[in-house]
Amino acid sequence: MIGVGKIKQYSNILEKPLSKGKQEVSLSAFAFLFSELVQYNQTRVDNIAELERRLEDAGYAVGARVLELLCHRDKGNRRETRLLGILSFVHSTVWKVLFGKVADSLEKGTEHEDEYMISEKDLLVNKYISIPKDMGTFNCGAFVAGIVRGVLDGAGFPAVVTAHFVPMEGLQRPRTTILIKFAEEVLQREARLG
Amino acid sequence: MPPAAPRSGDAIFASVERVNAELFTLTYGAIVRQLLTDLEEVEEVNKQLDQMGYNIGIRLIDEFLAKSNVSRCVDFKETAEMIAKVGFKMFLGVTASVMNWDADGTCCSIVLEDNPLVDFVELPDTCQGLYYCNILSGVIRGALEMVAMKTEVTWIRDMLRGDDAYELQVKLLKQVPEEYPYKDDE
Chain H
1 MIGVGKIKQY SNILEKPLSK GKQEVSLSAF AFLFSELVQY NQTRVDNIAE
51 LERRLEDAGY AVGARVLELL CHRDKGNRRE TRLLGILSFV HSTVWKVLFG
101 KVADSLEKGT EHEDEYMISE KDLLVNKYIS IPKDMGTFNC GAFVAGIVRG
151 VLDGAGFPAV VTAHFVPMEG LQRPRTTILI KFAEEVLQRE ARLG
Chain R
1 MPPAAPRSGD AIFASVERVN AELFTLTYGA IVRQLLTDLE EVEEVNKQLD
51 QMGYNIGIRL IDEFLAKSNV SRCVDFKETA EMIAKVGFKM FLGVTASVMN
101 WDADGTCCSI VLEDNPLVDF VELPDTCQGL YYCNILSGVI RGALEMVAMK
151 TEVTWIRDML RGDDAYELQV KLLKQVPEEY PYKDDE
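So the protein lines, in turn, are chains H and R. Reading the first sequence from the start, the letters are residues 1 to 194 in UniProt numbering. Reading the second sequence from the start, the letters are residues 1 to 186 in UniProt numbering.
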């Protein structure tokens, strides 16, 4: 009798082997899911700021888990302790795993010492989203800002992260910039480490 | 021009843009967590997930029909096969199988061995009544309703509750013929 292989049952989820992270789903499945997330949250809030905050909170949870997963799988449980290290981790590794490519650019803010910006011409989550005029500066990239904040917070670099649209010449759709403003203690620690 | 032949699930999945399944899994987890925090009652969360799935399903069917070039299904058996082999493959990248047909061909089970929604997930004791993947039942119900079939979709087996696979029972309640919106004599 030919036996059909059964999935091995693990009594404890922690014993299950970690997947390689190569499995994929269609972009439209993700887009549908994300649109439902936004629509559901729209029914629970009264204003734009609340909506952005809720999306950011959802992203924060994703970011915390992504950090754990990637540190364990891709970096051999090594922690980043320097500012530039964690920024390049977010800009390259995290972006590559989540969105399939490294972020378009990583810049240091010119006006403030504690500001850094990660920019993306066409953010995945905003691909199929159009913002109505009456929603002003609302940006669904708040979800991605939440992911970045989750990663940074989990790694010990508390920061305030927001998403903004920056219109660019020559591009039909504005570029999305994730603005990261690190907390005072991070800069002090960075200065101490030299 | 002859109509294009229906494409297989693998071919469509290879041709659409894809994203990392982990982003999808983690986003779904964030949604379920938000629902649990807001609604608190497990039954309410199940209903809300089903509703969200329904909203997705009614739009997903358009994309499905556009990308897969299938012609009208002859009977419910063919419909179920389409969902399992083409639908699941082109959106979630996993193949499902259809089994347990009943005598008059109106009720079957779709079995999923691999489910990208539930990677890394464990149900805590406080949420034992939760159908974590309930969004899938809503998607199937919504999609089929848009093609004139009223169905009832329920979970038979759920790996998060200790079973060995995910099994959805799809039961055809009735075929709703499309109503022509204009009167003939006007």
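Cβ coordinates follow ideal geometry from the N, Cα and C atoms, glycine included. On a predicted model such as this, the values are computed, not experimentally measured, just so you know.
The secondary-structure analysis by DSSP pairs Ser105 (chain H) across a beta bridge with H:Ser119. In this chain, Glu22 (chain R) is not harboured by any beta strand (DSSP E); it is covered by the alpha helix (DSSP H) spanning Ala21 to Leu39. Look at Met90 (chain R): its C-beta is under 8 angstroms from a C-beta on chain H. DSSP places Tyr166 (chain R) in the strand class (E or B) of the three-state scheme.
Taking C-alpha positions only, Asn69 (chain R) is separated from Tyr128 (chain H) by approximately 23 angstroms. Per the coordinates, the alpha-carbon of Lys47 (chain R) lies some 44 angstroms from the alpha-carbon of Gly85 (chain H).
Comparing alpha carbon positions, the residue from H:Glu120, H:Cys71 and H:Leu55 closest to Leu18 (chain H) is H:Cys71. Closest by C-alpha distance to Ser15 (chain R), out of H:Ser88, H:Leu55, H:Arg44 and H:Ser26, is H:Ser26.
Remark: C-beta atoms of Leu26 (chain R) and Val62 (chain H) approach each other more closely than 8 angstroms. The count of Cβ pairs closer than 8 angstroms, one atom from the region 51-59 of chain R and one from the region 70-87 of chain R, stays below three, leaving the stretches out of contact. Contact note: Ile31 (chain R) reaches chain H through Leu33, Glu36, Leu37, Tyr40 and Ala58, using a C-beta cutoff of 8 angstroms and chain order. Close CB contacts of Phe138 (chain H) within its chain, under the 7 angstroms cut and outside five residues either way in sequence, are with Ile48, Leu51, Glu52 and Ile131 (chain order).
For Glu184 (chain H), the enclosing alpha helix (DSSP H) begins and ends at Glu184 to Leu193. Restricting attention to H:Thr177, H:Lys181 and H:Gly100, the CA atom closest to the CA of Pro158 (chain H) is found in H:Lys181. For Gly100 (chain H), the closest Cβ of chain R is nearer than 8 angstroms. A straight line joining the alpha-carbon of Leu33 (chain H) with that of Arg192 (chain H) spans about 44 angstroms.
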